[in-house]
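*Asks:*
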Amino acid sequence: MLRFVRSIVIKAPIERVFAFHLDTHNAARIAPPFPSVTVVEATTPPTAGTTVQVLRIGLGVMAITFEAKVTQITAPTLVEDMQQRGPFAHFVHRHRFGWIDSTHTKLTDEVECAFPWYLGGIVTDYTVGYLQFALMFALRQRATKRLLEDPEEPLWLTATVDVDQAAARKLGVDSTGGTRQTGMFPSIVIPNPPAP
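Quick note on this note's numbering: the sequence shown kicks off at 709 and runs consecutively.
(1) With H, G and I counted as helix, E and B as strand and the rest as coil, what does DSSP make of Thr-813?
(2) Distance, Cα to Cα, Pro-795 vs Pro-824?
(3) Nearest-angstrom Cα distance between Thr-911 and Phe-774?
(4) List the whole-angstrom C-beta distance separating Gln-849 from Leu-815, where the pair is believed to meet the contact cut-off of C-beta under 8 angstroms.
(5) Could you say which of Val-769, His-803, Val-725 lies nearest to Gln-780 if we only look at CA atoms?
(6) Indicate the three-state DSSP secondary structure (helix, strand or coil) for Glu-860 in the structure shown.
(7) Within the same chain, show all residues whose beta-carbon is closer than 8 angstroms to that of Asn-745, passing over the 5 residues directly before and after it, in chain order.
(8) Under three-state DSSP, which class holds Gly-837?
(9) In the DSSP output, which residue or residues are listed as bridge partners for Asp-789?
(10) Would you mind reading off the limits of the beta strand (DSSP E) that contains Val-748?
(11) How is Pro-721 classed by DSSP in three states: helix, strand or coil?
(12) Measure the alpha-carbon distance for Lys-719 versus His-729 and round it to whole angstroms.
(13) Report the partner residues of Val-769 according to the DSSP bridge assignment.
(14) From the DSSP secondary-structure annotation, give me the bridge partner or partners of Ala-822.
(15) Report the residue from Phe-805, Val-725, Lys-777, Pro-743 whose alpha carbon sits nearest the alpha carbon of Leu-847.
(16) Whose C-alpha, out of Ala-851, Val-800, Pro-741, Thr-758, is nearest the C-alpha of Arg-711?
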């Protein structure tokens with residue numbers, strides 16, 4: 709069984725970070741662009757013992773249904789959910805909230821999961837599974853941080869690249885100049901090199 713843990717500090721009071729996680733519609737808001745996540749059904753606010761989310765996770769032409777049940781809520785420090793139906797043989801996700809001071813909270817995502825034997829079992833857990841969780845939770849936590857710290861900032865902002873027209877022409881690249889938005893990273897400005 710794989711155990712994955714990742715933390716981030718968010719500039720927001722613990723009560724606000726906790727409340728954000730009680731709104732089950734936020735799961736789709738913080739999901740990375742791929743795979744696509746659609747909330748089919750959600751109970752907000754959740755209570756322990758109730759099925760709170762049914763998500764459709766799009767993987768190209770396929771889609772997987774993931775149904776989660778909240779198993780424990782301890783305000784304002786813990787929300788735990790468990791897969792009821794979905795792709796894993798076992799899946800438990802704990803959202804832990806740690807008080808740092810009145811304006812900062814440590815959010816920790818803990819996941820225990822096991823892929824079924826027919827998808828590679830323990831080999832998949834520690835290879836594909838670990839890499840997928842590392843990327844997914846890095847993006848989810850970054851999105852949560854941005855929504856709570858600066859809700860006006862676009863979530864999946866793309867890199868801003870200043871295009872050097874002369875260099876683009878030398879390389880045979882069609883360019884109309886200015887900046888380009890690419891990827892799904894925070895704003896990065898790459899200036900033109902100084903003229904010789």
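We put the beta carbon where it would ideally sit given N, CA and C, even for glycine.
Treat the numbers as computed from the prediction; the structure is a model and nothing was measured.
*Replies:* Walking through what the data contain:
(1) In the three-state DSSP reduction, Thr-813 falls in the strand class (E or B).
(2) Going by the C-alpha atoms only, they are around 8 angstroms apart.
(3) An answer regarding residue 911 cannot be provided, because it is not within the stretch 709 to 904 covered by the chain.
(4) 6 angstroms
(5) His-803
(6) coil
(7) Residue identity check: residue 745 is Val in the sequence provided, not Asn. Excluding residues within five positions, the ones whose Cβ falls inside 8 angstroms are Ala-735, Ala-736, Ala-739, Leu-763, Arg-764, Ile-765, Gly-766.
(8) helix
(9) Val-778, His-801
(10) 744–750
(11) coil
(12) 15 angstroms
(13) Partner(s): none; Val-769 has no beta bridge.
(14) His-798
(15) Pro-743
(16) Of the candidates Ala-851, Val-800, Pro-741, Thr-758, the residue whose Cα lies closest to the Cα of Arg-711 is Val-800.
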